[in-house]
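*Asks:*
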Amino acid sequence: MEPRWGLCGLENLALIPGSVGAAPIQNIGAYGVEVGERIVAVEAWDRGTRQSVRLDRAACAFGYRDSAFKRDPERWIVTAVELELSRDTAPRLDYAGIGEELAAMGIATPSACDVAEAVIRIRQRKLPDPAVIGNAGSFFKNPIVPATQAWALHGEHPRLHGGVSRRRRTHAQALCRWLIDACGWKGTREGDAGVSAAHALVLVNHGNATGLQLLDLKTAHRRLGARTLWRCARARATRHRRGVVNA
Ligand SMILES: Cc1cc2nc3c(=O)[nH]c(=O)nc-3n(C[C@H](O)[C@H](O)[C@H](O)COP(=O)(O)OP(=O)(O)OC[C@H]3O[C@@H](n4cnc5c(N)ncnc54)[C@H](O)[C@@H]3O)c2cc1C
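Numbering (the numbering used here), first residue to last: 53 to 299.
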């Protein structure tokens, strides 16, 4: 299967719901690609100066699920997004599961559409279908902790392996899914607001939960998660002081 216009670059973002204008706000990303990597410029209405401006990629200040627009939501209304796509970019397959899925599909030299199809299959298998149960997708951002703490956590909890990013020198991401699993929240619920039984990062609405109830659940989990990270680090530091572990 070939892309309709032969353009590649967004295939890893297949099945993320939402409008084009919202995509740069949180710099949507999945399966090893963030939309900010493909954005050349964003046109936006500046409510402060009451002018339309064109912000290049640097001015958009994209970060992990973050951007200049998200940091100043009262100021910007995105009106257009300029993307740089290519006809000959090598597909990015290094994210967990894509290569295996393509192999299972019997595809050795995948096109962008093949990668999109593989991503769609993985997402449909792993994530609850919003048409069946209302959900907010992968809701939580991975916490960024100092690299030393991340490696210490990995030493204590080998299942955290893979959640530790080697991309950053000074900080690393502690895998949020692991943290939620470790706290035993998967499948739990407060009234109709809950954590998916299938995927620890997904908040679900079992019926009539309000947005506020989901936000309350998020706040409680974030607080407890931070406390768990802190407790893990403190326990290790104590053992280290007593000479029980070598770091
Ligand atoms: C089932 C599911 C799966 C998901 N999977 C992923 C995923 O894999 N990766 C990922 O990154 N996200 C994911 N999301 C989150 C969601 O898809 C994105 O946040 C998407 O960009 C939301 O688009 P929307 O049009 O619904 O925006 P909304 O939710 O309506 O708005 C999001 C924010 O952007 C602002 N906004 C919207 N449009 C504009 C505009 N034109 N100008 C200025 N501000 C604007 C809104 O005010 C709001 O603050 C998922 C969500 C769901 C429900």
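Every residue, glycine too, gets a C-beta built ideally from N, C-alpha and C. Remember, predicted model here, so these are calculated numbers, not experimental data.
(1) What does cysteine 60 pair with, by DSSP beta-bridge criteria?
(2) Helix, strand or coil for tryptophan 237? Go by DSSP, reduced to three states.
(3) Kindly list the residues whose CB is nearer than 7 Å to the CB of leucine 269, restricted to its own chain and excluding five residues on each side of it in sequence; keep chain order.
(4) Check whether the Cβ of leucine 179 sits closer than 7 Å to any heavy atom of ligand 1, and report yes or no.
(5) Determine the extent of the alpha helix (DSSP H) in which glycine 207 is found, giving its start and end residues.
(6) Return yes when the Cβ of alanine 164 is within less than 8 Å of the Cβ of valine 130, no when it is not.
(7) I'd like to know if asparagine 187 contacts chain B, where contact means its C-beta is closer than 8 Å to some C-beta of that chain.
(8) Using 8 Å as the threshold, is the C-beta distance between arginine 106 and alanine 120 below it?
(9) Shortest alpha-carbon distance to isoleucine 185 belongs to which of Ala249, Met157, Asn79, Ala75?
(10) Run the CB neighbour count on asparagine 257, radius 10 Å, all protein chains shown included, and call it buried at 16 or more, exposed below.
(11) Below 8 Å between beta carbons: does that hold for threonine 280 and cysteine 235?
(12) Excluding the 5 residues preceding and the 5 following histidine 209 in the sequence, name in chain order all residues of the same chain whose CB lies nearer than 6 Å to its CB.
(13) So does alanine 346 have its beta carbon nearer than 7 Å to some heavy atom of ligand 1?
(14) From the DSSP output, in three-state form, read off arginine 302 for me.
(15) Should arginine 117 be counted as a contact of ligand 1 given a C-beta to heavy atom distance under 7 Å?
(16) What distance in whole Å lies between the Cβ atoms of asparagine 194 and cysteine 228, which are believed to be in contact at a cut-off of 8 Å?
*Replies:* According to the data block:
(1) Translated into the one-based positions of the sequence shown, residue 60 becomes position 8. In the DSSP output, where bridge partners are listed per residue, cysteine 60 has Ser138.
(2) The count along the sequence shown starts at 1 and reaches residue 237 at position 185. Coil.
(3) Residue 269 sits at position 217 when you count from the first residue of the sequence shown. Result list for leucine 269: Glu242, Ala245, Leu255, in chain order.
(4) Within the sequence shown, residue 179 is the residue found at index 127, counting from 1. Yes, the beta carbon of leucine 179 sits closer than 7 Å to at least one heavy atom of ligand 1.
(5) As a position in the sequence shown, residue 207 is number 155, starting the count at 1. Judged by DSSP secondary structure, glycine 207 falls within the alpha helix (DSSP H) whose first and last residues are 199-208.
(6) To locate residue 130, count along the sequence shown from 1; it is residue 78. To locate residue 164, count along the sequence shown from 1; it is residue 112. The answer is no: Cβ separation not under 8 Å.
(7) Any reference to chain B falls outside this structure, which holds one protein chain only.
(8) Locating residue 106 in the sequence shown gives position 54, counting from the first residue. Locating residue 120 in the sequence shown gives position 68, counting from the first residue. Arginine 106 is not a Cβ neighbour of alanine 120, given a cutoff of 8 Å.
(9) Position 133 of the sequence shown, counted from the first residue, corresponds to residue 185. Ranking the options by Cα distance to isoleucine 185, first place goes to Ala249.
(10) Sequence index remark: in the sequence shown, residue 257 carries index 205 (1-based). Counting C-beta atoms within 10 angstroms of its own C-beta, asparagine 257 has 16 or more neighbours from the protein chains shown and is therefore classed as buried.
(11) If you number the sequence shown from 1, residue 280 lands on position 228. If you number the sequence shown from 1, residue 235 lands on position 183. Against a cut-off of 8 Å, the Cβ pair of cysteine 235 and threonine 280 comes out as a contact.
(12) The count along the sequence shown starts at 1 and reaches residue 209 at position 157. Closer than 6 Å at Cβ, skipping near neighbours: no residue.
(13) Absent from the model: residue 346. The displayed extent of the chain is 53 to 299, so no value can be given.
(14) It is not possible to answer for residue 302, since the shown part of the chain is limited to 53 through 299.
(15) Position 65 of the sequence shown, counted from the first residue, corresponds to residue 117. Checking the Cβ of arginine 117 against ligand 1 gives yes.
(16) As a working mapping, residue 228 is identified with position 176 in the sequence shown. As a working mapping, residue 194 is identified with position 142 in the sequence shown. Taking C-beta atoms under 8 Å as the contact rule, cysteine 228 and asparagine 194 qualify, at a distance of about 5 Å.
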